[in-house]
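Going by full-length UniProt numbering, the first residue of the sequence shown is number 1, and it counts up by one from there. Below is one structure; the comments refer to it alone.
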Amino acid sequence: MEIKNPMEVFQNEAPEVAAAFNNLIGALSSTGGLDARTQQLIYIGMKASQGDAGAVIAHTPMAKQAGATREELKDTILLTLTVSGIKGVVTCLQGALSAYDNC
1 MEIKNPMEVF QNEAPEVAAA FNNLIGALSS TGGLDARTQQ LIYIGMKASQ
51 GDAGAVIAHT PMAKQAGATR EELKDTILLT LTVSGIKGVV TCLQGALSAY
101 DNC
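Below, the structure written as structure tokens:
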């Protein structure tokens, strides 16, 4: 079975819902309370706490582009230890650091 990008499947199978979701993301990103770097690091921390390596890896280049350092990325993922245990670290840290180093 071919593994597809889950966001592409979402957009292809439910374009109206995907468009509404994208509008929500745009609205949340433009509230002005947090800069893009901080938003990306928070998002990465939340997704790492869920063990969602795909989302963490996908957002790592966005965080780097917004000015996040490798150390900030690493610390963001390590902080998930206090909330959700080891899962986020073991499922996300290696992939995130590799994505950071290669983008």
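Cβ atoms here follow ideal geometry from the backbone N, Cα and C, with glycine treated the same way.
- Residue burial is scored here from C-beta neighbours: Gly26 has fewer than 16 other C-beta atoms within 10 angstroms and is therefore classed as exposed.
- Taking the Cα of Thr60 as reference, the smallest distance to any Cα among Ala96, Asn22 and Phe21 is reached at Ala96.
- Each of Ser98, Ile77 and Ala99 was checked against the Cα of Val89, and the nearest Cα belongs to Ile77.
- Taking a C-beta distance under 8 Å as the contact criterion, Ala68 and Gln50 do not qualify as a contact pair.
- Lys87 is the residue among Lys87, Cys103, Ala14 and Gln11 whose C-alpha sits nearest the C-alpha of Ala53.
- Around Val83, the same chain offers Ser49 as residues with beta carbons nearer than 6 Å, after the five sequence neighbours per side are excluded.
- Rounded to the nearest whole angstrom, the CA to CA distance from Ala55 to Gln11 is 16 Å.
- Where Ser49 is concerned, the enclosing alpha helix (DSSP H) starts and stops at Ala36 to Ser49.
- Distance between Asn22 and Gly45, taken at the CA atoms: about 20 Å.
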